[in-house]
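Participant: Residues 95 to 172 (my numbering) make up the sequence shown, in order.
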Amino acid sequence: MHGGTSHSDLLSDLLWCNPSEKFDDIDEEQPDLKPNDVCGCAYFFSYYAWRDFLLRNNLLSIIRGHEVQKDVVRLFRK
Numbered sequence: 095m096h097g098g099t100s101h102s103d104l105l106s107d108l109l110w111c112n113p114s115e116k117f118d119d120i121d122e123e124q125p126d127l128k129p130n131d132v133c134g135c136a137y138f139f140s141y142y143a144w145r146d147f148l149l150r151n152n153l154l155s156i157i158r159g160h161e162v163q164k165d166v167v168r169l170f171r172k
């Protein structure tokens, strides 16, 4: 468990879910959600799962900040 949050709540999902390794490859079929075996909680999500979440919640984007990036910031599909 990270930071004392429950593994089954929305806040935990927003904090600890990560884009899949093939997030930017929209031509390859991939599951919307895949269990994250690396940290033992949360999921890896596809581009389509991300897009659907933004549309359903009337959001333009989500800024995530729990992982250090080599180039300070990493932009996924614009």
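We treat Cβ as the ideally placed atom computed from N, Cα and C, and that holds for glycine.
1. Near A136, which residues of its chain fall below 7 Å by C-beta distance, leaving aside the five closest residues on each side in sequence?
2. Between the alpha carbons of I157 and L148, how many angstroms are there, rounded?
3. Should S155 go down as buried or exposed, given a rule of 16 or more other Cβ atoms within 10 Å for buried?
4. DSSP beta-bridge partners for P113?
Facilitator: In terms of the structure at hand:
1. S106, D107, W110, C111, N130
2. 12 Å
3. exposed
4. Residue pairing for P113: DSSP places it in a beta bridge opposite F139.
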